[in-house]
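Asker: This is the structure, below, for whatever I ask next.
Number of protein chains: 2
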Amino acid sequence: MFRGITQLSLDNKGRLTVPTKYRDSLISFCAGHLVLTADPSKCLLVYPQPAWEPIEQKLNSLSSFNPQTRSLQRLLVGNASDVEMDNAGRILVPPPLRQFAGLKKNVVLVGQGAKLELWEDEKWNQQIEDSLILKDSNMPSELDGFSL
Amino acid sequence: MFRGITQLSLDNKGRLTVPTKYRDSLISFCAGHLVLTADPSKCLLVYPQPAWEPIEQKLNSLSSFNPQTRSLQRLLVGNASDVEMDNAGRILVPPPLRQFAGLKKNVVLVGQGAKLELWEDEKWNQQIEDSLILKDSNMPSELDGFSL
DNA sequence: GCATAAGTGGGGAAAAGTGGGGGAAAAGAT
DNA sequence: ATCTTTTCCCCCACTTTTCCCCACTTATGC
């Protein structure tokens, strides 16, 4: 399980050095085989390949006549991209995905359980700021009886 | 299964070079025999020929008295076109389909499970942007309990 | 402070993309 | 029916990009 935030930079070829703390577990878990895709929040999602497969299968099994579903399929499956870590522990972020998430040089990699999120740092900070003004009244009922 | 997006261009003869990553599996799966047709979203659908057959049979089996069904049959079966990859891995996109999807030079080929979608690049970007403003309230119940 | 490991950048080889020309086959016209 | 014209397809060569590997620089720990 991934947690925590790492500040990183893309080199001028668009490569991302995966932090050492994740590298060994990624190599043993999926031989460095990752899947990158687009998230509606305009960041990228980074899955170990085995964790991605069931999600893609679920998406592909849904009816393509529902416009909402179709859009999700296009966003997630359509942007999904297989990438391999090179032997320096780097991955190449494909240009279309870099463009989608507005990644320039400074990015943050954020652990989120089974996956990681990759954000342009400004967008990440903005997103954190925005989340602070949430009203309690908007809390989903799933969280009833739950406290920190 | 196809996934991911590839930026491509049609040459001035209207030919499309199929990306290498798909070429081998297309040759072994369907001997380079593809079916292109029109999609209601104004893109083109690209099926390996064996994957297309059951879809066409299903469409033909539906009642042609329902106007919606009839329209679907006309759009999909009516526009379906057999194409072969040449030995440089290129396919010729028939002019009527090129016109339908507004394909000029810059296009994107998008993996969607058993099929591929071919978009004029501007239209694709527009479609992705539009999908980001989706409301949760519109999510189909199929997705209850599903998360990324 | 030195040694080892990690991060960064660049260069080169191989493969993939691109474009054009020539030939064959088909269609149309006389 | 034959000749002419056009379209389509296949092949070859050139250009571009991508990926992989190596070397240098920086950080960290002993």
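Taken in sequence, the protein lines are chains A and B. Residue numbers for the first sequence follow our numbering, so the first one is 32 and each next one is one higher. Residue numbers for the second sequence follow our numbering, so the first one is 32 and each next one is one higher. Glycine included, every Cβ here is placed at the ideal spot set by N, Cα and C.
With a threshold of 8 angstroms, are at least 3 pairs of Cβ atoms found where one atom belongs to the region 97 to 117 of chain A and the other to the region 66 to 78 of chain A?
Answerer: A contact exists between the region 97 to 117 of chain A and the region 66 to 78 of chain A.
Asker: B/D175 to A/K89, Cα distance in whole Å?
Answerer: In the second sequence, the residue the question calls residue 175 of chain B occupies position 144. In the first sequence, the residue the question calls residue 89 of chain A occupies position 58. Distance between the alpha carbons of B/D175 and A/K89 is about 12 angstroms.
Asker: For the beta strand (DSSP E) containing B/P125, name the first residue and the last one.
Answerer: One-based indexing of the second sequence puts residue 125 of chain B at position 94. Element bounds for B/P125: n/a, residue is neither H nor E.
Asker: Residue range of the alpha helix (DSSP H) that B/K154 falls in?
Answerer: If you number the second sequence from 1, residue 154 of chain B lands on position 123. 152 to 162 is the span of the alpha helix (DSSP H), which, as asked, contains B/K154.
Asker: Among B/K52, B/N43, B/S72, whose alpha-carbon lies nearest the alpha-carbon of B/F131?
Answerer: Stepping through the second sequence from its first residue, residue 131 of chain B is reached at position 100. Among B/K52, B/N43, B/S72, the Cα nearest to that of B/F131 is on B/S72.
Asker: Should B/F33 be labelled buried (16 or more other beta-carbon atoms within 10 Å of its own) or exposed?
Answerer: To locate residue 33 of chain B, count along the second sequence from 1; it is residue 2. By the neighbour-count rule (16 or more Cβ atoms within 10 Å), B/F33 is buried.
Asker: By the DSSP assignment, the beta strand (DSSP E) with A/E115 in it spans what residues?
Answerer: Position 84 of the first sequence, counting from 1, holds the residue named residue 115 of chain A. Taken as a continuous stretch (DSSP letters only), the beta strand (DSSP E) holding A/E115 covers 112 to 115.
Asker: Return the first residue and the last residue of the alpha helix (DSSP H) that B/A82 is part of.
Answerer: Within the second sequence, numbered from 1, the residue matching residue 82 of chain B stands at position 51. Start and end: 80 to 92.
Asker: Can you tell me where the beta strand (DSSP E) holding B/F33 begins and where it ends?
Answerer: Your numbering for residue 33 of chain B matches position 2 in the second sequence. Counting along the chain, the beta strand (DSSP E) containing B/F33 begins and ends at 33 to 40.
Asker: Could you please tell me which residues of the region 102 to 115 of chain A, in chain order, have their CB closer than 9 angstroms to any CB of chain B?
Answerer: Flagged, chain order: S102, L103, Q104, R105, L106, L107, V108, G109, N110, A111, S112, D113.
Asker: Tell me, please, whether the CB atom of B/I36 is closer than 7 angstroms to any CB atom in chain A?
Answerer: Numbered from 1 along the second sequence, position 5 holds the residue referred to as residue 36 of chain B. Yes, because at least one Cβ of chain A sits closer than 7 angstroms to the Cβ of B/I36.
Asker: Could you tell me the alpha carbon to alpha carbon distance between B/L93 and A/Q104, rounded to whole angstroms?
Answerer: The residue you call residue 93 of chain B lines up with position 62 of the second sequence. The residue you call residue 104 of chain A lines up with position 73 of the first sequence. Each residue's Cα considered, the two are about 26 angstroms apart.
Asker: Does DSSP put A/N169 in a helix, in a strand, or in coil?
Answerer: Here residue 169 of chain A corresponds to residue number 138 of the first sequence, with the count starting at 1. Of the three classes helix, strand and coil, the one that applies to A/N169 here is helix, per DSSP.
Asker: With 16 other CB atoms within 10 Å as the buried threshold, where does B/R101 fall?
Answerer: On the second sequence, residue 101 of chain B is found 70 positions in, with the first residue counted as 1. Exposed is the call here.
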